[in-house]
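Quick notes on the structure that follows.
There are 2 protein chains.
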Amino acid sequence: MGRKSMREEIVTAALDRFHARGYNAAGVKDITDAAGVPKGSFYNHFDSKEALAIVALERYGAGRRLADLTDEAVPPVERLRRHFEFLRDEVVAYGYHRGCLYGNFGSEIADHSDAIRGAVRDSLDTWTTLIVATLTEAQRAGAVRTDLAPEVTAGFLVNAWEGTLIRARADRSTAAFDAFFTSVFELLLAPA
Amino acid sequence: MGRKSMREEIVTAALDRFHARGYNAAGVKDITDAAGVPKGSFYNHFDSKEALAIVALERYGAGRRLADLTDEAVPPVERLRRHFEFLRDEVVAYGYHRGCLYGNFGSEIADHSDAIRGAVRDSLDTWTTLIVATLTEAQRAGAVRTDLAPEVTAGFLVNAWEGTLIRARADRSTAAFDAFFTSVFELLLAPA
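Below you can see the structure in the form of structure tokens.
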């Protein structure tokens with residue numbers, strides 16, 4: 001098997017380092033060291049750490065399994081629940097570390113980089129749009145209360161999830177996840 | 001009027017710099033420069049930037065107006081709403097910058113400092129406990145649905161708020177706040 005391209009190795013290492021350490025704590029040299037490439041090669045592939053961060057965000061998004069949200073073989077509410085369970089299980093598998101790169105960059109960098117802020121916003125929008133469709137389908141099936149607006153609730157769910165990750169990392173326990181699943185699936189969405 | 005103590009000036013500057021820049025981006029020299037004190041004086045007052053961050057978190061907590069949550073002159077649900085409106089208005093006044101220091105440190109640093117992680121967890125716990133009491137009182141008054149557990153819902157509200165701030169900063173609009181208020185007050189908490 002051939003060696004991956006140097007650019008690809010930098011992106012893979014950057015996603016890992018940004019996710020584990022945060023934007024400011026992961027320097028270009030940390031990333032090129034992790035990628036096993038010379039630091040000097042970095043600027044042959046990327047204009048800046050900021051530009052690399054945006055590519056890393058896209059790569060992170062590709063791992064969110066968002067296509068599961070459109071899998072019509074699974075009833076819509078169950079699909080939504082499994083989606084958040086997948087995201088939860090990933091954080092638990094990391095020992096309650098790392099959280100979500102969207103939320104991490106949104107918290108640490110959005111105020112200071114319009115480019116990263118825009119990429120975070122677009123990532124959250126893409127995700128939210130899929131949940132709007134899932135909630136709309138669930139409402140039509142009578143599985144979600146009809147007096148909520150899917151556009152509003154989907155955004156709220158995504159935001160609530162990002163905050164749930166902050167709390168789960170602070171606690172290193174499932175309590176915040178449990179509160180999310182109970183509050184969302186048993187209370188907020190459930191038909192009267 | 002006498003000059004504030006040097007320690008106090010460092011704490012005030014640290015809260016401002018950590019809140020505006022984040023933990024890693026705010027160096028000790030940035031903080032002592034902002035405080036107008038010599039960098040060398042820092043370690044006369046604090047063992048480390050980490051120790052200062054914990055004091056800054058406490059100072060931040062003191063500005064959350066948590067006592068408003070126990071003001072019996074205001075009906076409990078209205079009190080809760082005004083509390084989150086106060087927190088929202090603060091972020092809007094900063095031009096959708098800064099967010100909540102608990103969430104920022106929780107996202108950026110909790111994985112890497114057990115001391116800061118513990119301080120974030122304790123801060124969120126203190127806040128959550130007051131909301132548990134407010135929700136309990138609201139349930140007794142018939143103003144909140146009785147089939148929710150205040151301990152679970154209060155934690156969820158705090159977490160949802162932290163994520164709402166991430167989204168509001170990414171968007172620089174009120175949309176995430178509006179989704180929070182609608183989802184929480186009109187749907188999640190409202191009695192059937």
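These protein sequences, in sequence, are chains H and G.
Residue 82 in this note's numbering is what sits at position 82 of the first sequence, and the numbering runs on without skipping anything.
Residue 97 in this note's numbering is what sits at position 97 of the second sequence, and the numbering runs on without skipping anything.
Yeah, the Cβ is synthetic: ideal placement off N, Cα and C, and Gly gets one too.
Only a predicted model underlies this, so the values are computations on that prediction, with no experimental measurement involved.
Short check: CB of residue i to CB of residue j, under 8 angstroms?
i: L165(H); j: C100(H); result: yes
i: F84(H); j: W161(H); result: yes
i: L124(H); j: T153(H); result: no
i: L87(G); j: V144(G); result: no
i: A20(H); j: V120(G); result: no
i: L158(H); j: W127(H); result: Per the sequence presented here, residue 158(H) reads as Val, with Leu not at that position. Yes, these two residues count as a Cβ contact at 8 angstroms.
i: K49(H); j: V28(H); result: yes
i: G63(H); j: G163(G); result: no
i: D68(H); j: R79(H); result: yes
i: P191(G); j: G142(G); result: yes
i: R7(H); j: H45(H); result: yes
i: T174(H); j: L130(H); result: no
Evaluate residue i with the Cβ neighbour count: other Cβ atoms within 10 Å of its Cβ, from every protein chain shown; 16 or more gives buried, anything less gives exposed.
i: R197(G); result: Residue numbering for chain G in the displayed model covers 1 to 192; residue 197(G) lies beyond these limits and cannot be assessed.
i: P76(H); result: buried
i: E9(G); result: buried
i: T32(G); result: buried
i: G95(G); result: exposed
i: E186(H); result: exposed
i: A13(H); result: buried
i: A168(G); result: buried
i: S113(H); result: buried
i: G103(G); result: buried
i: A35(H); result: buried
i: A115(H); result: exposed
i: A26(H); result: buried
Alpha helix (DSSP H) containing residue i: first to last residue?
i: H83(G); result: P76 to A93
i: D47(H); result: Where D47(H) is concerned, there is no enclosing alpha helix (DSSP H), given that its DSSP letter is neither H nor E.
i: D125(H); result: D114 to R140
i: R169(H); result: P150 to D171
i: R7(G); result: M6 to R21
i: F105(H); result: L101 to E108
i: V37(H); result: Here V37(H) belongs to no alpha helix (DSSP H), and DSSP marks it neither H nor E.
i: F177(H); result: A175 to F181
Please return the same chain residues whose Cβ sits closer than 7 angstroms to the Cβ of residue i, not counting the five positions on each side in sequence.
i: Y23(G); result: A53, F105, E108 and I109
i: M1(H); result: Confidence at M1(H) is low in this model, with a pLDDT of 44, below 50, so its placement is unreliable and the value that follows should be read with caution. Closer than 7 angstroms at Cβ, skipping near neighbours: no residue.
i: F177(H); result: R88, T164 and A168
i: D122(G); result: none
i: R98(G); result: H19, A20 and V91
i: A138(G); result: P76, V77 and V144
i: R172(H); result: Y96
i: T146(H); result: Q139
i: K39(H); result: V28, K29 and T32
CB-CB under 8 angstroms to residue i, same chain, minus the five flanking residues each way: which ones, in chain order?
i: L15(H); result: A56, R59, Y60 and L101
i: T182(H); result: none
i: V11(H); result: L52, V55, A56 and R59
i: D30(G); result: R17 and R21
i: V37(H); result: M6, E9 and I10
To the nearest whole angstrom, what separates the beta carbons of residue i and residue j, a pair I think is in contact under 8 angstroms?
i: F180(H); j: A179(G); result: With a Cβ gap of about 16 angstroms, F180(H) and A179(G) do not count as contacting.
i: R82(H); j: V74(H); result: 7 angstroms
Suppose the cutoff is 6 angstroms on Cβ atoms and the five residues either side in sequence are ignored; what does the same chain contact list for residue i look like?
i: D111(G); result: none
i: P150(G); result: V132, L135 and T136
i: F42(H); result: V28 and T32
### Task
Scan the region 7-25 of chain H for residues whose Cβ lies nearer than 8 angstroms to a Cβ of chain C and list them as they occur along the chain.
Within the model displayed, chain C is absent; protein chains H and G are what it includes.
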